[in-house]
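Residue numbers (the numbering used here): 11 to 285.
Okay, here's the thing in structure tokens:
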């Protein structure tokens, strides 16, 4: 039987730790989140994020991206604003805005997504670093389900700068043996069939089916694809019926833990800045 993993209990424990850290700080951290407000899904996500932040004692304000030519100046303003501890620039960025340039303008100190070269470079070197929230969430869930990752065979499907690449480093640091693939892999199933853990963030509904998994495999489905039947991930759950595998729920598997990791990053930035 397929086991569905729900991440909300883990997220609740993490949020409790963040609330305690904020209480010790003695003030509410302030975060600004920029997103595509014209996208109904992103706007709804921003509202949920702000609500979750309030329960952790964090003030999180959401704003829509300005016109592309004004994005970098706006980031420069936020970087210089002493009242703002942390800034998140949610993807997709406005057309024509270079992600690296945006990260450089914002600076490393307020970057809670781990996208600034300083933060990404520390992670790549295996040093203590601020990693992207989704990558952190996947490692936490993998350890929650599978325990110690030392020696585990993990295959990542998706090599983005916010999930696949930083997550590969986090898993290597945890002692796992990591294979990084993507949707253009010539024989994806040849890689995933031997994996103890498959983490997919390809954004392609139905990509992972029975031929991709061995019995006992754990699958972390990061993707949220919108289709006729609502929200689905990359895993074809119907096709896995009767298989002895564990699959994270979409959207309540990785999603709540990602939010909890983002809030923890905000608290950490505020603590580094001091009172």
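We treat Cβ as the ideally placed atom computed from N, Cα and C, and that holds for glycine.
Pull the bridge partners of residue i from the DSSP assignment, please.
{"i": "residue 129", "result": "Partner(s): none; residue 129 has no beta bridge."}
{"i": "residue 37", "result": "DSSP lists no partner for residue 37."}
{"i": "residue 98", "result": "43"}
{"i": "residue 210", "result": "167 and 231"}
{"i": "residue 32", "result": "According to DSSP, which records beta bridges pairwise, residue 32 is partnered with nothing at all."}
So for residue i, helix, strand or coil by DSSP?
{"i": "residue 233", "result": "coil"}
{"i": "residue 12", "result": "coil"}
{"i": "residue 183", "result": "helix"}
{"i": "residue 223", "result": "coil"}
{"i": "residue 105", "result": "coil"}
{"i": "residue 240", "result": "strand"}
{"i": "residue 197", "result": "coil"}
{"i": "residue 189", "result": "strand"}
{"i": "residue 71", "result": "strand"}
{"i": "residue 123", "result": "coil"}
{"i": "residue 1", "result": "The structure shown does not extend to residue 1, since the chain spans only 11 to 285, so no value can be given for it."}
{"i": "residue 173", "result": "coil"}
{"i": "residue 245", "result": "strand"}
What residue does the alpha helix (DSSP H) around residue i start on, and which one ends it?
{"i": "residue 268", "result": "264-283"}
{"i": "residue 151", "result": "143-156"}
{"i": "residue 65", "result": "50-65"}
{"i": "residue 159", "result": "No alpha helix (DSSP H) holds residue 159; DSSP gives it neither H nor E."}
{"i": "residue 250", "result": "Run containing residue 250: none; DSSP gives neither H nor E here."}
{"i": "residue 203", "result": "Where residue 203 is concerned, there is no enclosing alpha helix (DSSP H), given that its DSSP letter is neither H nor E."}
Could you tell me if residue i is buried or exposed, where buried requires 16 or more neighbouring beta carbons within 10 angstroms of its beta carbon?
{"i": "residue 14", "result": "exposed"}
{"i": "residue 178", "result": "buried"}
{"i": "residue 75", "result": "buried"}
{"i": "residue 58", "result": "exposed"}
{"i": "residue 36", "result": "exposed"}
{"i": "residue 223", "result": "buried"}
{"i": "residue 146", "result": "buried"}
{"i": "residue 61", "result": "exposed"}
The beta strand (DSSP E) with residue i in it runs from where to where?
{"i": "residue 166", "result": "163-167"}
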